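The sequence shown maps to residues 84 to 513 in the numbering used here.
Glycine is no exception: its CB is placed at the ideal position from the N, C-alpha and C atoms.
From a predicted model like this one, the values you see are computed outputs, not experimental measurements.
Just below is one structure, and these are the notes that go with it.
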Amino acid sequence: MSHVVRIGMLGCGTVGQGVVGILHETAGTIERATGHRLEIAKVLVRDLQADRPGLDRGVLTTDVEDILGDDRIDIIIEVMGGVEPTREWLLRALGHGTSVVTANKQLLARHGPELLAAAEEGGSELRFEASVCAAIPVIKVLREALLAAEIESVMGIVNGTTNYILSEMRRSGMSYGDALRQAQDLGYAEADPTEDVGGGDAAAKMAILSSIAFHTRVLIDDVPYSGIDALQSDDVDIAHELGFVMKLLGIARLVDGAVSVRVEPALVPGDHPLASVGGADNAVLLESSMVRQIMLEGPGAGGTETASAVVSDVLSIMGSRPGSFLAGALADAGRPMAPEGSLESAFYVRLEVADQPGVLARVSSVLGESDVSILTVLQRGEGESARLVMILHRAPEGRVRQAIGRLADMPEVREQPVLITVVGSGEAPR
Ligand code: NAP
Ligand code: HSE
C-alpha cells in the first residue's frame, strides 16, 4: 500500500502552478516508482479568489499557521519568494524537522548558512535546486557528481530574463522594453524585474553556486554586480561587428586560492559555447584540471521548467535518509574573498574622443604607461568626434581600471569611457 506524503505549499504563482500541474500529471508514475503518493494538503496564498487550475479551493489558506502548525505536513515547498517573513517561516519549519524545498535564491544568498544549520539541528533537509538555473540540475551536479572535482571556475548565463532580452534584441530587433514585457508575460521575470535586469538575481545565483563549487561561504554581499539596464545598444552592435556576443555573465573563479565572484555584461567570442545560448536558456561552464570543462545548458526560467526542479528535490528528500551526507550543511573550506581588481581579463573599451591628430597615440601611451596593451583598434570618424573601440590584451582588472580613469581625465576624451570584460578567448580569464 502507498504511503501518503503530505505537502504544504507556500505560494502558488508561476512556479507553484507548475508544481501543481506536474504533480497532477505524474502522480501515477511517482506512486509506481517510489511507493509514495504525494498529496497537496494546504497552499498559502494572498488571494483566495484567484483562479488556480487543478487545485481544490478547500486546500487554499491565507493563514501560514495552517501549514507551519500542522504536524501532519511532511514537506514544505516554498515558491512564494521574498526574504522576510519567508526566512522566519522556513527556520521554524526546518527547526521542527519538516524538510523544505525552495526556489528562493535571494533568501538563500543571504541566509543559506543559517537555514542549513537549522535543518541540521532539526534533522530535516533543505533543498534548493530550483533556485539556480531552473530546470538544469547544476546544484546536484556540483554537490554530488563533482563534490571532489576541485572546481576552479564557474562561468555562466544564469538569468533567463536578461538572456531572453539580449537574444530577442539581436534576433528580431525588438526594443529593450518590449523584450522585457514579453519575458514578464512568459513568466521568466521576478516579481520585481529590476532584480533580473539589474543583475541582482544572477548575483544571488552566483553566490549559491560559488558556495557549493568552492566549499566556501559566499553571500550576495560578496558579489559585485551590474546588469543590462545601463548597457548601450551601440556596444552590443559594435561587439557583434567585432565577432563577439554580449551576455550577462556570472564569473566565479579561484585566484591564488581566494574566491572571486562577479556578475556583469561581458563579451563572448562568437564561437564560444556560451555565445549560442539563446532565449531564456541558461548555461554553466564548470572547469577543473580533473574534469577539464563541463557545460550544462537548458531552460533557465519559467513555471513548469522551474517546477520540474522543485518536484525532483521533493523526490530526493523522499529517497534520502536524514543524516546522509547530502542532508548535511555545506562544508566550509574557509577560503578568503579575492581582493577587488585582482582578476585578469581581456577588455573591450569604447572612447568618444575629439577627432584630432595624435589622440590615438596619446591614448595608447596612457595605456602603455600602465602596462596595458592593445590587441585590436577600430576607429570611426563622426564629424568633430571619433569613436575609438579597442580590445585590450589580458591584464589585471585593477590596473586596467586605473588606466581607464586616466583616459577619462584626458581633455580629448568627451564621454565616460565604456569598459566591458571579454571572456572565453585566448585573451580572457581561463
Ligand atoms: P509569483 O508568480 O509572484 O508567485 C508568488 C506566489 O506567492 C503567489 O501565489 C502569491 O500569492 C504568493 N505569495 C507571495 N507573497 C505572499 C505572502 N506574503 N503570503 C502569502 N502568499 C504570498 O512568483 P514565481 O515566479 O512563482 O516565483 C516564486 C519563487 O520562485 C521566487 O522566489 C522566485 O525567485 C523563484 N523562481 C522563479 C522562477 C521563474 O521562472 N518564475 C524560476 C526560478 C525561481 P497570490 O497568488 O495570492 O498573489
Ligand atoms: N527571474 C529568473 C530568471 C527566474 O529570469 O532567470 C529563474 O530563476
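N-terminal and C-terminal residue of the beta strand (DSSP E) that residue i is part of
i      : result
Leu431 : Here the sequence assigns Tyr to residue 431, which means Leu is not the residue at that position. Note, Tyr431: beta strand (DSSP E), Glu427 to Ala437.
Ala366 : Asp364 to Ser371
His86  : His86 to Leu93
His476 : Ser468 to Pro479
Gln189 : Per DSSP, Gln189 belongs to no beta strand (DSSP E); it is in the alpha helix (DSSP H), Lys188 to Gly205.
Gly239 : Ser236 to Ile240
Thr185 : Ser182 to Thr185
Glu161 : Ile158 to Glu161
Alpha-carbon spacing of residue i relative to residue j, whole angstroms
i      : j      : result
Pro168 : Ile160 : 15 Å
Asp305 : Val483 : 22 Å
Arg404 : Ser258 : Low local confidence applies: a pLDDT of 49 at Arg404 is under 50, so the model's placement there is unreliable, with the coordinate-based value given in what follows. Their backbone Cα atoms lie some 50 Å apart in a straight line.
Gly385 : Glu467 : 48 Å
Leu127 : Arg210 : 19 Å
His298 : Asp415 : 5 Å
Pro348 : Thr504 : 7 Å
Ser89  : Gly270 : The amino acid occupying residue 89 in the given sequence is Arg; Ser does not appear at that position. Answer to the nearest angstrom: the Cα atoms are 27 Å apart.
Ser407 : Glu208 : Annotation note: pLDDT 36 at Ser407 (below 50); position unreliable, no value reported.
Leu409 : Asn242 : Caution is warranted here: a pLDDT of 41 is assigned to Leu409, below 50, making its placement in the model unreliable, and no coordinate value can be reported.
Val397 : Thr387 : 15 Å
Gly111 : Ala218 : 22 Å
Ser359 : Gly383 : 14 Å
Arg433 : Cys216 : 32 Å
Gly281 : Leu314 : 10 Å
Leu331 : Gly164 : 23 Å
Ile474 : Arg336 : 22 Å
Leu263 : Gly283 : 16 Å
Val102 : Glu380 : 22 Å
Ala511 : Val221 : Annotation note: pLDDT 43 at Ala511 (below 50); position unreliable, no value reported.
Leu173 : Glu197 : 10 Å
Ala285 : Asp364 : 13 Å
Gly464 : Asp438 : 7 Å
Glu212 : Ile321 : 37 Å
Met420 : Glu427 : 15 Å
Leu362 : Ala186 : Leu is not the amino acid found at residue 362; the sequence shown has Gly there. Roughly 21 Å separates the two Cα atoms.
Residue i - partner residues in DSSP beta bridges
i      : result
Lys330 : Ala349
Leu379 : Val367
Gln462 : Leu471
Tyr308 : Val346
Met493 : BP columns for Met493 are empty, so no partner.
Val142 : For Val142, which the question treats as bridged, DSSP gives no partner whatsoever.
Arg484 : In the DSSP output, where bridge partners are listed per residue, Arg484 has none listed.
Val126 : Met92 and Leu143
Arg120 : Val87
Val335 : This sequence places Ala at residue 335; Val is not what is there. DSSP output for Ala335 lists Val237 and Val344 as bridge partner(s).
The ligand NAP heavy atom lying under 7 Å from the CB of residue i
i      : result
Asn242 : no
Arg470 : no
Arg210 : no
Asn365 : no
Thr245 : no
Asp134 : no
Thr97  : yes
Glu167 : no
Lys223 : no
Arg433 : no
Val394 : no
Residue range of the alpha helix (DSSP H) that includes residue i
i      : result
Ala390 : Gly386 to Gly402
Gln499 : Per DSSP, Gln499 belongs to no alpha helix (DSSP H) and is neither H nor E.
Val102 : Thr97 to Thr117
Leu83  : One cannot answer for residue 83 here, as it falls past the ends of the chain, which runs 84 to 513.
Ser448 : Val442 to Glu452
Ile248 : Gly243 to Ser255
Thr169 : Thr169 to Gly178
Thr299 : Premise fails: Thr299 is in no alpha helix (DSSP H) and is neither H nor E.
Gly321 : In the sequence under discussion, the amino acid at residue 321 is Ile, which differs from the Gly named in the question. Ser316 to Glu324 is the extent of the alpha helix (DSSP H) around Ile321.
Ile150 : Glu148 to Leu151
Val280 : Thr277 to Val280
Cβ-heavy atom distance, residue i to the ligand HSE, below 7 Å
i      : result
Val389 : The question names Val, but residue 389 in the sequence shown is Thr. Thr389: yes, Cβ under 7 Å from the ligand HSE.
Ala384 : yes
Tyr259 : no
Ala290 : no
Ala272 : yes
Ala217 : yes
Asp146 : no
Asp284 : yes
Asp279 : yes
Inter-stretch contact (C-beta, 8 Å, three-pair minimum) for the segment 211–226 and the segment 244–256: Output reads no: the segment 244–256 does not touch the segment 211–226.
Three CB pairs or more closer than 8 Å across the segment 235–249 and the segment 366–386: At 8 Å Cβ cutoff, the stretches touch.
Segment contact, 8 Å Cβ cut-off, at least three pairs: the segment 94–101 with the segment 130–144: By the Cβ test, the segment 94–101 is in contact with the segment 130–144, since at least three Cβ pairs between them sit closer than 8 Å.
Sufficient close CB pairs (3 or more, under 8 Å) joining the segment 185–198 to the segment 284–301: Cβ pair count under 8 Å is three or more, so yes.
Any 3 or more C-beta pairs closer than 8 Å across the segment 445–461 and the segment 489–502: Contact holds: three or more Cβ-Cβ distances are below 8 Å.
Cβ pair count under 8 Å reaching 3, the segment 112–131 against the segment 146–161: Flag = yes, the segment 112–131 and the segment 146–161 touch.
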